[in-house]
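2 protein chains.
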Amino acid sequence: MEVVLIGSGNVATHLGLALQAKGITISQVYSRNVLNAELLAKKLDSSFTTDISDIYRDADIYFYALTDSAFKSVLREIKMPKGIQVHTAGCIGMDEFEGFTSKFGVFYPLQTFSKNKPVDFSQIPICIEGNTPEVQQSILELAKQLSNKTYIVNSENRKKLHLAAVFACNFTNYMYDIASDILKDSGFPFEIIQPLITETAEKTKSINPYDAQTGPAVRMDKKTISTHLSLLNEAPDLKKIYNLLTKSIYSRHKKN
Amino acid sequence: MEVVLIGSGNVATHLGLALQAKGITISQVYSRNVLNAELLAKKLDSSFTTDISDIYRDADIYFYALTDSAFKSVLREIKMPKGIQVHTAGCIGMDEFEGFTSKFGVFYPLQTFSKNKPVDFSQIPICIEGNTPEVQQSILELAKQLSNKTYIVNSENRKKLHLAAVFACNFTNYMYDIASDILKDSGFPFEIIQPLITETAEKTKSINPYDAQTGPAVRMDKKTISTHLSLLNEAPDLKKIYNLLTKSIYSRHKKN
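The listed protein sequences derive, respectively, from chains A and B. The numbering used here numbers the first residue of the first sequence as 1 and each following residue consecutively. The numbering used here numbers the first residue of the second sequence as 257 and each following residue consecutively.
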């Protein structure tokens with residue numbers, strides 16, 4: 001099987017490495033950014049190009065790991081090859097391929113990727129979709145080579161999954177970032193809060209998050225809440241976030 | 257050494273178990289709730305009481321693991337014994353003991369505790385404080401018996417630490433809760449998002465949260481953001497949270 005990777009960011013990198021580890025050849029990497037393209041091609045022992053018209057026409061599968069806007073501009077310019085085209089995005093409909101090609105689908109790994117942090121792809125849920133039963137089957141088989149957790153998910157549900165992921169990952173990470181800032185201001189090392197972060201995440205494996213909710217908001221401990229708010233006097237943005245989340249947690253638990 | 261536990265909730269339970277595991281005898285458990293008092297006393301092989309005037313007078317150390325308001329009412333009623341008195345709260349000043357007793361301090365384990373989930377106390381940061389060097393030393397020595405991570409922290413900084421913990425634990429857990437609801441609505445099992453939660457938390461060990469930030473907000477991907485917002489049309493509270501956090505992440509990364 002011949003694979004072309006379109007994109008050279010975190011998703012393209014980790015996906016390429018995972019495919020390579022399964023003995024699947026990456027023929028070519030395309031990226032607008034020549035440095036990134038070359039770097040990834042080197043890692044994957046593949047060729048690379050920065051010219052859309054040079055993208056190989058005979059690969060079996062093309063992975064688009066691009067931002068929304070880059071995805072559309074490549075799609076408009078590319079002379080559509082015969083292989084299966086899939087994108088890896090959580091929030092782009094499969095139908096974006098329509099009119100550009102005949103065999104297409106989605107290959108969405110539900111994980112957060114950072115450049116220099118290896119991940120175990122076999123544990124990453126992969127949500128796939130194909131425009132025909134045959135195409136879907138091909139994508140599913142490939143997904144199963146990489147991961148033990150594959151799901152067939154339509155575009156509407158995938159968008160909801162992506163929304164859930166924004167809360168569970170991006171917004172969660174922002175909570176860590178805010179905590180990190182508060183700690184820095186008081187001279188604490190970030191490590192002091194590490195066991196708490198680990199345990200909070202770990203807990204979701206055995207207790208559902210609704211039942212696991214602790215803290216001043218859920219018990220409406222007004223004294224603590226007002227102490228916290230006064231500590232945030234110099235940070236009106238954080239105070240707003242604290243207030244909104246506290247009220248929201250309180251009303252969620254009050255009405256249930 | 258003789259220990260009295262005042263309280264029978266999650267903190268009292270896990271603290272009692274950790275002390276017991278180190279061979280320290282819990283002499284008595286006090287709680288207003290007779291069922292909880294009896295249950296915990298049974299676990300700890302200690303006696304129990306629900307009557308403040310029956311609390312032992314000769315223990316070496318008294319741990320108050322109570323809510324803010326319960327703490328104050330017990331403090332007013334208790335005939336102050338000779339031993340060291342410590343509370344375990346993140347957001348109560350040490351000075352609350354003043355006028356009630358002469359040897360006092362704080363023993364704050366920076367962790368989230370759930371009743372039926374065991375924790376490894378040796379990995380929990382314990383923040384202590386004492387009203388005299390001698391008292392502080394005694395509390396520190398006890399803390400060191402339980403944990404490899406002890407910190408001397410004054411009340412002002414402990415409150416900030418507690419505030420950071422609210423973001424890193426309570427608000428984070430609420431993000432998981434929201435994600436869980438969105439998944440449930442779309443028929444996904446919570447497990448699908450588990451690897452993402454684990455990885456997001458795990459990442460903080462090697463990358464600081466500011467640099468680890470990913471998602472539509474940090475790259476101001478307007479199309480994705482507007483798709484997400486439209487998915488939240490039926491949930492105005494969540495839409496508000498999504499909007500506020502997205503704007504906040506965006507401006508934090510824009511100005512840096």
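Glycine is no exception: its CB is placed at the ideal position from the N, C-alpha and C atoms.
Next on the checklist: Using the three-state DSSP reduction, which class does S114/A fall into: helix, strand or coil?
Outcome noted: DSSP places S114/A in coil when its eight states are reduced to three.
Item to check | Contacts that K254/A makes with chain B (C-beta to C-beta distance below 8 Å) | outcome: Within 8 Å Cβ-Cβ: nothing; K254/A doesn't reach chain B, min ~13 Å.
Next on the checklist: Please report the distance separating the alpha-carbon of Q145/A from that of K22/A.
Outcome noted: Each residue's Cα considered, the two are about 7 Å apart.
Item to check | Chain-ordered residues of the stretch 167 to 188 of chain A with a beta carbon less than 8 Å from chain B | outcome: Taking a C-beta cut-off of 8 Å against chain B, the contacting residues of the stretch 167 to 188 of chain A are F167, A168, C169, N170, F171, T172, N173, Y174, M175, Y176, D177, I178, A179, S180, I182, L183, D185, S186, G187, F188, listed in chain order.
Item to check | First through last residue of the beta strand (DSSP E) which encompasses L5/A | outcome: 2 to 6 is the span of the beta strand (DSSP E), which, as asked, contains L5/A.
Checklist entry - Is there at least one Cβ from chain A nearer than 8 Å to V375/B's Cβ? => result For V375/B, the answer is yes, since a Cβ of chain A falls inside 8 Å of its Cβ.
Item to check | Boundaries of the alpha helix (DSSP H) in which S227/B is found, first to last residue | outcome: Because residue 227/B is not part of the residues shown, which for chain B are 257 to 512, the question remains open.
Item to check | Interfacial residues, the stretch 463 to 476 of chain B to chain A, with Cβ spacing under 9 Å | outcome: When C-beta distances to chain A are compared with 9 Å, the residues of the stretch 463 to 476 of chain B below that value are I463, N464, P465, Y466, D467, A468, Q469, T470, G471, P472, A473, V474, R475, in chain order.
Item to check | Residue from R158/A, D185/A, A168/A whose Cα sits closest to the Cα of A529/B | outcome: Because chain B here runs from 257 to 512, residue 529/B falls outside it and cannot be looked at.
Checklist entry - Beta-carbon of N413/B versus every beta-carbon of chain A: anything under 8 Å? => result With its beta carbon less than 8 Å from one in chain A, N413/B belongs to the interface.
Checklist entry - Would you report the Cα separation of I26/A and T49/A, rounded to the nearest angstrom? => result Note on geometry: alpha-carbon atoms of I26/A and T49/A lie some 13 Å from one another.
Checklist entry - With 8 Å set as the bound, which would you pick, yes or no: does the beta-carbon of K160/A sit closer than that to a beta-carbon of chain B? => result Taking a beta-carbon distance threshold of 8 Å, K160/A counts as an interface residue toward chain B.
Item to check | Contacts of Q379/B in chain A (Cβ-Cβ under 8 Å) | outcome: Simply P195.
Checklist entry - Quick one: what's got a C-beta closer than 8 Å to N289/B's C-beta in the same chain, skipping five residues either side? => result So the qualifying residues of the chain are S264, T306.
Item to check | Beta-carbon neighbours of Y407/B, restricted to chain A and to distances below 9 Å | outcome: Result: F188, I192.
Checklist entry - Relative to the alpha-carbon of I52/A, which residue among V4/A, A165/A, L39/A, K43/A has its alpha-carbon at the smallest distance? => result The residue with the shortest Cα to Cα distance from I52/A is V4/A.
Next on the checklist: Among the candidates N116/A, D185/A, F107/A, K115/A, whose CA atom is the shortest distance from the CA of Y151/A?
Outcome noted: If we check each option's Cα against that of Y151/A, F107/A comes out closest.
Next on the checklist: Please classify F171/A as buried or exposed, where buried requires at least 16 other C-beta atoms within 10 Å of its C-beta.
Outcome noted: Its Cβ being crowded by 16 or more others within 10 Å, F171/A is buried.
Checklist entry - Which residues share a DSSP beta bridge with I126/A? => result According to DSSP, I126/A bridges with P109/A, T150/A.
Item to check | Partner residues on chain B for S114/A, Cβ-Cβ distance less than 7 Å | outcome: Near S114/A (Cβ distances below 7 Å), the residues of chain B are K459, I463, A468.
Checklist entry - S287/B versus chain A: which residues are under 8 Å apart at the beta carbon? => result Listed along chain A is no residue with a C-beta nearer than 8 Å to that of S287/B; the closest approach is about 17 Å.
Checklist entry - In the DSSP assignment, what residue or residues form a beta bridge with T50/A? => result In DSSP, T50/A forms no bridge with anything.
Next on the checklist: For S248/A, would you say it is in contact with chain B, using Cβ-to-Cβ distances shorter than 8 Å as the test?
Outcome noted: Yes, S248/A counts as interfacial toward chain B.
Checklist entry - Below 8 Å between beta carbons: does that hold for I78/A and D60/A? => result Against a cut-off of 8 Å, the Cβ pair of D60/A and I78/A comes out as no contact.
Next on the checklist: Determine, for E455/B, whether the minimum Cβ-Cβ distance to residues of chain A falls below 8 Å.
Outcome noted: Yes, because at least one Cβ of chain A sits closer than 8 Å to the Cβ of E455/B.
Item to check | First and last residue of the uninterrupted beta strand (DSSP E) at Q28/A | outcome: For Q28/A, the enclosing beta strand (DSSP E) begins and ends at 25 to 30.
Checklist entry - Taking just the CA atoms, how far does H162/A sit from L110/A? => result Taking the straight line joining both Cα atoms gives about 8 Å.
Checklist entry - Looking at chain B, which residues of the stretch 34 to 56 of chain A have a Cβ within less than 7 Å of any of its Cβ atoms? => result Closer than 7 Å at the C-beta level to chain B, one finds no residue of the stretch 34 to 56 of chain A.
Next on the checklist: For H343/B, which residues in the same chain have their Cβ closer than 7 Å to its Cβ, ignoring the five residues on either side in sequence?
Outcome noted: Excluding the 5 residues flanking it on each side, H343/B has same chain C-beta neighbours closer than 7 Å at Y320, F327, V362, in chain order.
Item to check | Against chain B: residues of the stretch 228 to 244 of chain A by CB proximity under 9 Å | outcome: Correct list: H228, L231, L232, D237, L238, K240, I241, Y242, L244.
Item to check | Contact set for K415/B: own chain, Cβ-Cβ below 6 Å, skip 5 residues either direction | outcome: C347.
Checklist entry - Three-state secondary structure (DSSP) at F360/B? => result Assignment of F360/B by DSSP, reduced to helix, strand and coil, places it in the strand class.
Item to check | Inter-stretch contact (C-beta, 8 Å, three-pair minimum) for the stretch 217 to 230 of chain A and the stretch 241 to 252 of chain A | outcome: Yes: the two stretches touch, three or more of their Cβ pairs being nearer than 8 Å.
Next on the checklist: At the level of alpha carbons, what is the spacing between D95/A and E129/A?
Outcome noted: E129/A has its alpha-carbon roughly 11 Å from the corresponding atom of D95/A.
Checklist entry - Hey, is the stretch 352 to 359 of chain B in contact with the stretch 171 to 189 of chain A, meaning 3+ C-beta pairs nearer than 8 Å? => result Segments in contact, no.
Next on the checklist: List, in chain order, every chain B residue whose beta-carbon is nearer than 9 Å to that of L110/A.
Outcome noted: Those are I448, I449, P451, L452, listed as they occur along chain B.
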